[in-house]
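Position 126 of the sequence shown, counting from 1, maps to 126 under this note's numbering, and the rest follow consecutively.
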Amino acid sequence: MERYESYRSTDLDLINEIPVHWQTGKMNYFMEVKDGTHDSPSYVDEDEFSFPLVTSKDLVSGNLEFNKCKFITKEDHYQIIKRSDVSKGDILMPMIGTVGSPVIVKTDREFSIKNVALFKTSNSNKINVSYLNYLLSSDFVERQFDLNSNGGVQNFVSLSVLRKLNVFYFPINEQTHIANYLDHQTAIIDALIEKKELLIQKLQAQRQAIINEAVTKGLNPNANMKDSGIEWLGEIPEHWEVKKLKHLGESITGITYSPDDVTDNGTLVLRSSNIQNGKLELNDTVYVNKQIAKKYITITGDILLCSRNGSRNLIGKNIMLDARVENQSWGAFMTIYRSDYNSFMYYFFNSDIFTGLSSLFLSSTINQLTIGVLNNMQIAFPTDENERESIIRELKTQTKKLNKIISLNNMQIKKLKSYRQSIISEAVTGKIDVRDWQPKTTQMA
């Protein structure tokens, strides 16, 4: 897109120039900016006399969702809306935690808000709601949040900061042109991203199916089969054996340490947070000065398993350790699995079989995969070394190929999201002129 004919300089720190006919101002000049309650009212069961209490977790991917909302009484609801009455056409935005990600209210349903900012666009005739929504999503506003947000355990941005956000004022029909342009362009980009995300899901499912088949049935589709004697496992190759994990390797729970043991150097302690998307990440590390027994020191080939976590979905996530973490230790919520069969076992731990078994034995009160449970898990095991090596080679080849395609698509998604953000920022800050833009139409024969 072309630039405007002329620009003028601004006194803003974050942008040097704007179109000559644009003005700058503070958010509260254009509309009311409010926030919801910061208290915690008592929750009640949903019925005809209760009202949803919307928090930041209910603002998902640009949409307002009520399916996981908690409900409050009519009395509490009426108290909250005295300060923050939400109407269709307003904008909501999280103020605590993940600040940003605004959402346009598109429902007439009555609800209250907590720890959420409210931009009363439904009462303003100076701002196009879609334009403002894009502006609040832009790097220009995000940088203002970064400069003014308060850190701590959770980031948050105050109501006074939101009211003093620098925004632009120019004819509303021009704002509408910008919003229409961005609606069109972001829809195209979002459709491309969705296609790539669906492709990644299919590739991940294909990879999972390959692993599941190989660690339970082997590579030979014509192999003679026998009943494993285990309901969930079914038939296995007749020359395979059913074995408990304790007969194939050793499981060891990691060390326990206190905050007083943490130091700037010493022995690195690996934790569940160091396993990200099947890879070992060492950006967030903890070191302890505690004397550590040799059995708690890692060797190359150990399999590090998350055995306890607040989320059941994270139990069992694992990584096979390489030489980078030789002679390090691991925390109490992690388990090391040591085995002469570690390569085969690594693929077993990444199969749906292991995931399913783990979920069966987790306590309802403590999400923990104990050593006892792990040791007594029964699996189908190929005792022939050559067959195991063949399975491992095939799995390495197939998963490497699929992982490469998945990685490429993830990279493309990242670039598309960056491009989307760039288009939004350029349009809402006047770096490009879209007043004469029209969507391309398909010519009919």
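C-beta: ideal position from N, C-alpha, C; glycine also. In this text, all values refer to a predicted model and were calculated from it rather than measured experimentally.
Inset, instruction - Go through its chain and collect everything with a Cβ distance to R457's Cβ below 6 Å, but skip five positions before and after it. - result: The requested residue 457 is not part of the displayed model; the chain covers only 1 to 445.
Inset, instruction - Could you round the C-beta distance between K244 and M377 to whole angstroms and report it? I think they count as a contact, below 8 Å. - result: In the sequence shown, the residue the question calls residue 244 occupies position 244. In the sequence shown, the residue the question calls residue 377 occupies position 377. K244 to M377, Cβ: 7 Å. Contact.
Legend entry - Neighbourhood of L248 by C-beta distance below 6 Å, restricted to the same chain and skipping five residues each side: The count along the sequence shown starts at 1 and reaches residue 248 at position 248. Excluding positions up to five away in sequence, the list reads S339 and Y341.
Legend entry - Straight-line gap, T442 to S130 (C-alpha atoms, nearest Å): Against the sequence shown, residue 442 aligns to sequence position 442. Against the sequence shown, residue 130 aligns to sequence position 130. With a pLDDT of 49 at T442, under the threshold of 50, the modelled position of this residue cannot be trusted, and the question is left open.
Legend entry - Sequence-distant residues of the same chain with beta carbon closer than 8 Å to M444, five excluded per side: Walking along the sequence shown from the start, residue 444 turns up at place 444. For M444, the pLDDT reaches just 41, beneath the cut-off of 50, and the residue's location in the model is therefore unreliable, although a value from the coordinates is still provided. Taken in chain order, the list of residues that qualify is empty.
Legend entry - Rounded straight-line distance, which links the Cα of S101 to that of I406: As a working mapping, residue 406 is identified with position 406 in the sequence shown. As a working mapping, residue 101 is identified with position 101 in the sequence shown. Distance between I406 and S101, taken at the CA atoms: about 27 Å.
Legend entry - First and last residue of the uninterrupted beta strand (DSSP E) at R338: By 1-based counting over the sequence shown, the position of residue 338 is 338. Here the beta strand (DSSP E) through R338 covers M334 to R338.
Inset, instruction - Run the CB neighbour count on N282, radius 10 Å, all protein chains shown included, and call it buried at 16 or more, exposed below. - result: As a working mapping, residue 282 is identified with position 282 in the sequence shown. The amino acid at residue 282 is misidentified as Asn; the sequence shows Leu. Within 10 angstroms of the beta-carbon of L282 lie fewer than 16 other beta-carbons, which makes it exposed.
Legend entry - Simplified DSSP assignment, three categories, for G25: As a first step, residue 25 is located in the sequence shown; it is residue number 25 there, counting from the start. Under the three-state reduction of DSSP output, G25 falls in the strand class.
Legend entry - Distance between K440 and V434 (C-alpha atoms, nearest Å): Translated into positions along the sequence shown, residue 434 becomes position 434. Translated into positions along the sequence shown, residue 440 becomes position 440. One alpha carbon belongs to V434, the other to K440, and they sit about 14 Å apart.
Legend entry - Reference N115, options E32, Q144, I96 and D11, closest by Cα: As a first step, residue 115 must be located in the sequence shown, where it is residue number 115. Looking at the Cα atoms, I96 is the closest of the given residues.
Inset, instruction - Report the option in T370, A427, Q175 and K164 whose CA atom is closest to the CA atom of L12. - result: One-based indexing of the sequence shown puts residue 12 at position 12. For L12, the nearest C-alpha among the options comes from K164.
Legend entry - DSSP state of Q421 mapped onto helix, strand, coil: The residue you call residue 421 lines up with position 421 of the sequence shown. Secondary structure of Q421 (DSSP, three-state): helix.
Legend entry - Nearest residue (CA-CA) to T263, options N327, N289, T256 and H184: Against the sequence shown, residue 263 aligns to sequence position 263. Considering only alpha carbons, the answer is N289.
Legend entry - Cβ-Cβ distance between L321 and L374 below 9 Å: Numbered from its first residue, the sequence shown carries residue 321 at position 321. Numbered from its first residue, the sequence shown carries residue 374 at position 374. In this structure, L374 does not lie closer than 9 Å to L321 by Cβ.
Inset, instruction - Helix, strand or coil for T253, going by three-state DSSP, please let me know. - result: Reading the sequence shown from its first residue, position 253 is the one you call residue 253. Note: T253 maps to strand in three-state DSSP.
Inset, instruction - Count the C-beta pairs between the region 201 to 216 and the region 421 to 430 that are closer than 8 Å, then say yes if the count reaches three, no if not. - result: Judged by Cβ distances under 8 Å, the region 201 to 216 makes no contact with the region 421 to 430, as fewer than three pairs qualify.
Legend entry - Counted within 10 angstroms of its Cβ, other Cβ atoms place R308 as buried (16 or more) or exposed: Your numbering for residue 308 matches position 308 in the sequence shown. R308 is buried by the Cβ-count criterion.
Legend entry - I406 Cβ short of 8 Å to the ligand SAH heavy atom set: The model on display carries no ligand, and the ligand SAH is accordingly not part of it.
Legend entry - Among L182, E2 and N123, the one whose alpha carbon lies nearest that of L135: Within the sequence shown, the letter at position 135 stands for residue 135. When each option's Cα is compared against that of L135, the closest is L182.
Inset, instruction - Take every Cβ of the region 414 to 421, pair it with every Cβ of the region 187 to 202, and state whether three or more of those distances are shorter than 8 Å. - result: Yes: at least three Cβ pairs fall under 8 Å.
Inset, instruction - Check whether the Cβ atoms of V105 and L64 lie closer than 9 Å to each other. - result: In the sequence shown, counting from the first residue as 1, residue 105 sits at position 105. In the sequence shown, counting from the first residue as 1, residue 64 sits at position 64. Yes, these two residues count as a Cβ contact at 9 Å.
Inset, instruction - Please check the pair Y169 and Q23, which I expect to be a contact at CB under 8 Å, by giving their CB distance rounded to whole angstroms. - result: If you number the sequence shown from 1, residue 169 lands on position 169. If you number the sequence shown from 1, residue 23 lands on position 23. With a Cβ gap of about 4 Å, Y169 and Q23 count as contacting.
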